[in-house]
Amino acid sequence: MISITETTRLGFRALLRNKTRAFLTALGIIIGVAAVICMVAIGEGAKSRIQNMLEATGTNVLIVLSGSTSQGGMRGGFGSQPTLTWEDLRAIQNEAPSVRAAAPLSRMTTPVISETATWTTTVHGTTPEYFDIRDWKIATGVGLTQADEGGATRNAVIGKTVAEKLFGENVDPIGQAIRIRESPYIIVGMLEEKGQSGMGSDQDDAVFVPMTTFGARIQGGLGKFIRGQIYLSAISPQATDAVEQEVTRLLREKHRIPDGEEDDFSVRSIAEMAGALSATTTTLSTLLASIALVSLIVGGIGVMNIMLVSVTERTREIGIRLAVGAQPGDILAQFLVEALTLAAIGGIIGVALGVGAGKLLSAQFGWSLVVRPDIVVLALVVSGLVGVIFGLYPARKAARLDPIEALRYE
Amino acid sequence: MALIELRDISKIYVSGDTELAALRDVNLQIEAGEFVAVTGSSGSGKSTLMNIIGCLDQPTHGTYHLAGQAVAGLDRGQLATIRNHFIGFVFQSFNLLARTTALENVELPLIYARVPPAERRKRALEALDRVGLADRKSHTSSQLSGGQQQRVAIARALVTRPPLILADEPTGNLDTKTSESVMTLLSDLRKSGITVAFVTHETDIAAYAERLLVLRDGQIVRDERTPADKERS
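Line by line, the protein sequences give chains D and W. Per our numbering, the first sequence runs over residues -10 to 399. Per our numbering, the second sequence runs over residues 1497 to 1729.
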């Protein structure tokens, strides 16, 4: 075979003669490679966000949801029917040895009014243990106390986003008054910034008031049932399974559920939920990457197509080369290198485009994208392979031409 | 030893049930340094003969020795090597690469002979100089006249310094005056010791040769010395 530089030079020249055609053919590869890189980056970004959520929420946190409704064969989701009672909460706090702390959490989305602004946010009713479970510290002021809980005081703790929306940036909200559903509250503390949750919601867009106050003033009476969830923390991240078992046994006993019947509640650990989410994300990103890969293969077919056209167009040229003594291997190499060059150029531009699009998406939409270097290398290798595989057939066709036939070709 | 030695060469084309013999039991010897014209009506097998001598095609039967080497039974790669080292081709339709300069066209056989670029360039320039086109080296095929293109093709044929140059109707696409100059060039090559064989159907072109072969229905029916040969001797 003649030297690589010679063959590459020939390949480049042939491509440069048909710049538009070469570019359009490479475009198939460009889009394929860019799509692979972008899709994998999105998938990886989602995964890392779930990881962050897991770390932010705490690996030893569990949530107890009340049961599902079952009416005429239709089942509602967990939480659609309140089944958890205040009695259950006390039992969990006192009788489950692996539970370190437990707190109820009720939510209501409602407008909150300050002297200067109105902001619709989620008002939470909970007990002081909640902040301990979530490992969520007070930035300024003080937190809710057991005294607030006992006295059903109208003290509130707010997140940073709410503070900014109601009072503006860099204004100390401590001591300010707000109104929620016609009742005045005094802000006693502001929470540390927590950022986005794993599901993408702003965790700092929240107001917290004592559970007792929430029951009386916002929910319209505490009642027998907890309208919301119970947050638990295990004594250690390893104890989450034990907590799940203890709480399940305890609640089945309390709710007098006979053996063989389903629970009317559910206990979920954050780690478990994150695991399920991450499995979904993996499936989704595999799917996205597969679609992207298909487009890369379609790009490869485009390369093959144009190479076949090129071989036909250049039959006479091939005949001349064969006549003056080119080895069939030389002709094979010439066309193979041409296809490979096309695919490699497409691959390189595709990588640049994919990384660029990833950056743009994360900047524009706040998606977290993780561009993995190994995927970049893989995409380049695959596009090279696509060039070789789809270039091989046209190149072989060229190399096998009969010189006399080829010279006669018009 | 003859440069070209054909023994009982036949070329049979099969299409469907019918067999067509383009060449039938041809026996031919051409010595080194001969200047041979092959003529015959169309379909007489002269192009097939040239293709077999040129190692572009393989005979159905018979043996062919080129410079003592048996050619029959060689594979495509080996035939390509022989074409590259021993034979220079000149075609009726010039067959230069389009959009490629004269110099690069002449370099082409040297690329496949694995000659390094610097030497390649030097030898290609020498060959162009020999056909009187050194000043046209950067012109592409379309910028050259028919006669000039054929001279570039001759430069390409002789750049590998082959012992044999084959030309298939080299003047077929040229006017009388350019034909003369091309034939003069081929005669000059012959004088420098290269064996030249060409196909033509024009008697005045055939007259340049020293030996005339006439084919009819795939057989050599005449093989004679021409006046040009007598002039020489």
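Just so it is clear, CB atoms sit at the ideal spot from N, CA and C, and this is done for glycine as well.
How about residue i: is its Cβ closer than 7 Å to a heavy atom in the ligand ADP?
i: Ile1526(W); result: The ligand content of the structure shown is nil, which means the ligand ADP is not present either.
If residue i and residue j are in contact, beta carbons under 8 Å, what's the gap, nearest whole angstrom?
i: Pro199(D); j: Thr142(D); result: 6 Å
i: Leu1640(W); j: Ala1598(W); result: 7 Å
i: Arg310(D); j: Ile295(D); result: Between Ile295(D) and Arg310(D) the Cβ distance is about 20 Å, and since that is not below 8 Å, they are no contact.
i: Val1627(W); j: Leu1681(W); result: 6 Å
i: Val1692(W); j: Phe1587(W); result: Between Phe1587(W) and Val1692(W) the Cβ distance is about 14 Å, and since that is not below 8 Å, they are no contact.
i: Gly1584(W); j: Leu1499(W); result: Their Cβ separation, rounded to whole angstroms, is 14 Å, which puts Gly1584(W) and Leu1499(W) out of contact at 8 Å.
i: Ala395(D); j: Arg305(D); result: 6 Å
i: Ile169(D); j: Val101(D); result: 5 Å
i: Gly339(D); j: Ser299(D); result: Not a contact, Cβ separation roughly 21 Å.
i: Leu1660(W); j: Lys1542(W); result: The Cβ separation is near 17 Å, so there is no contact.
i: Gly347(D); j: Cys27(D); result: 5 Å
i: Ala91(D); j: Glu118(D); result: 7 Å
i: Leu43(D); j: Ala260(D); result: 6 Å
i: Val236(D); j: Ala223(D); result: So it is not a contact: roughly 10 Å between Cβ atoms.
i: Ile127(D); j: Gly178(D); result: 5 Å
i: Thr1674(W); j: Gly1642(W); result: 6 Å
i: Leu1524(W); j: Cys1551(W); result: Not quite, the Cβ-Cβ distance comes to about 15 Å (not below 8 Å), so this is no contact.
i: Gly308(D); j: Tyr398(D); result: 7 Å
Going along chain D in order, which residues have a C-beta closer than 8 Å to the C-beta of residue i?
i: Thr1577(W); result: Gly314, Gln316
Have a look at the options and flag the residue whose alpha-carbon is nearest the alpha-carbon of residue i.
i: Leu180(D); options: Ile307(D), Ala195(D), Asn83(D), Arg79(D); result: Ala195(D)
i: Thr99(D); options: Ser284(D), Gly114(D), Glu394(D); result: Gly114(D)
i: Thr74(D); options: Pro362(D), Pro162(D), Ala223(D), Gly217(D); result: Gly217(D)
i: Tyr34(D); options: Leu358(D), Lys154(D), Val375(D); result: According to the sequence as given, residue 34(D) is Gly; it is not Tyr. The residue with the shortest Cα to Cα distance from Gly34(D) is Leu358(D).
i: Glu1622(W); options: Asn1591(W), Thr1636(W), Arg1657(W); result: Arg1657(W)
i: Glu104(D); options: Ile167(D), Thr111(D), Ser267(D); result: Ile167(D)
i: Val1510(W); options: Ala1518(W), Asp1504(W), Arg1503(W); result: Ala1518(W)
i: Leu342(D); options: Ala152(D), Gly209(D), Ile224(D), Ile18(D); result: Ile18(D)
i: Val256(D); options: Leu211(D), Leu276(D), Ala268(D), Asp230(D); result: Asp230(D)
i: Glu(-5)(D); options: Leu1593(W), Pro1613(W), Lys1687(W); result: Pro1613(W)
i: Ser1538(W); options: Asn1591(W), Thr1722(W), Ser1683(W), His1697(W); result: His1697(W)
i: Glu138(D); options: Gly56(D), Pro317(D), Gly204(D); result: Gly204(D)
i: Ala1563(W); options: His1557(W), Pro1555(W), Glu1527(W); result: Glu1527(W)
i: Asn1601(W); options: Leu1592(W), Tyr1608(W), Ala1609(W); result: Leu1592(W)
i: Phe1590(W); options: Asp1521(W), Val1567(W), Asp1664(W), Ser1683(W); result: Asp1664(W)
i: Ala1724(W); options: Arg1707(W), Val1717(W), Thr1699(W), Thr1514(W); result: Arg1707(W)
i: Asp391(D); options: Ile1650(W), Asp1571(W), Ser1540(W); result: Asp1571(W)
i: Val112(D); options: Thr275(D), Glu250(D), Glu153(D), Met97(D); result: Met97(D)
i: Asp409(D); options: Pro247(D), Asp248(D), Val29(D), Leu285(D); result: Residue coverage of chain D in this structure runs from -10 to 399, which leaves residue 409(D) outside it and unanswerable.
Name, please, each residue of chain W whose Cβ falls closer than 9 Å to the Cβ of residue i.
i: Ile307(D); result: Chain W residues near Ile307(D): none, gap ~11 Å exceeds 9 Å.
i: Leu325(D); result: Near Leu325(D) there are no residues of chain W at all, since even the closest Cβ is about 17 Å away, more than 9 Å.
Along chain W, which residues have their Cβ under 8 Å away from the Cβ of residue i?
i: Glu(-5)(D); result: Ile1607
i: Asp319(D); result: Tyr1608
i: Leu369(D); result: Under the 8 Å cutoff, chain W gives no residues; its nearest Cβ is about 30 Å from Leu369(D).
i: Leu329(D); result: Per Cβ cutoff of 8 Å: no residues; Leu329(D) is ~19 Å from chain W at best.
Identify the contact partners of residue i in chain D, using a Cβ-Cβ distance below 7 Å as the criterion.
i: Arg1626(W); result: What Arg1626(W) touches in chain D: nothing, since even the nearest Cβ is about 17 Å away.
i: Asn1580(W); result: Val313, Gly314
i: Gly1558(W); result: Those within 7 Å of Gly1558(W) in chain D number zero; the least Cβ separation is about 18 Å.
Closer than 9 Å by beta-carbon distance: list the chain D residues that pair up with residue i, in chain order.
i: Gly1573(W); result: Gln316, Pro317, Gly318
Name the chain W residues that come within less than 7 Å of residue i, Cβ to Cβ?
i: Leu266(D); result: Under the 7 Å cutoff, chain W gives no residues; its nearest Cβ is about 59 Å from Leu266(D).
i: Leu342(D); result: Those within 7 Å of Leu342(D) in chain W number zero; the least Cβ separation is about 31 Å.
i: Leu297(D); result: Those do not exist, as Leu297(D) stays about 20 Å from chain W at its closest Cβ, beyond 7 Å.
i: Leu374(D); result: Correct list: empty, because the minimum Cβ distance to chain W is about 27 Å.
Which residues, in chain order, does the region 3 to 35 of chain D contribute to contact with chain W at a C-beta distance below 9 Å? Within the region 3 to 35 of chain D, those residues whose Cβ lies closer than 9 Å to any Cβ of chain W are, in chain order, Arg6.
For the region 1585 to 1606 of chain W, which residues have a CB atom closer than 8 Å to at least one CB atom of chain D, in sequence order? From the region 1585 to 1606 of chain W, only Phe1585, Phe1587, Asn1591, Leu1592, Leu1593, Ala1594, Arg1595, Leu1604, Pro1605 have a Cβ closer than 8 Å to chain D.
Using a Cβ-Cβ cut-off of less than 7 Å, give me the residues of the region 1524 to 1555 of chain W that come near chain D, in sequence order. Close to chain D, meaning a Cβ-Cβ distance shorter than 7 Å, are the following residues of the region 1524 to 1555 of chain W: Asn1547, Leu1552, Asp1553.
Counting beta carbon pairs with one atom in the region 199 to 212 of chain D and one in the region 142 to 162 of chain D, are three or more of them shorter than 8 Å? Three or more pairs of CB atoms, one per stretch, sit closer than 8 Å, so the region 142 to 162 of chain D contacts the region 199 to 212 of chain D.
Contact set between the region 380 to 393 of chain D and chain W, restricted to residues whose Cβ is under 8 Å from the partner: Answer set for the region 380 to 393 of chain D: Pro392, Ile393.
Near-chain D residues of the region 1644 to 1674 of chain W (beta-carbon distance less than 8 Å), N- to C-terminal order: For the region 1644 to 1674 of chain W, residues whose beta-carbon sits nearer than 8 Å to a beta-carbon of chain D comprise Arg1652, Thr1656.
Inter-stretch contact at 8 Å, needing at least 3 Cβ pairs: the region 12 to 30 of chain D / the region 362 to 378 of chain D: As far as the Cβ criterion goes, the region 12 to 30 of chain D touches the region 362 to 378 of chain D, which means the pair count is three or higher.
What residues in the region 346 to 357 of chain D bring their beta carbon closer than 7 Å to a beta carbon of chain W? Correct list: empty, as no residue qualifies.
Interfacial residues, the region 273 to 285 of chain D to chain W, with Cβ spacing under 9 Å: For chain W, none of the residues of the region 273 to 285 of chain D brings a beta carbon within less than 9 Å of one of its beta carbons.
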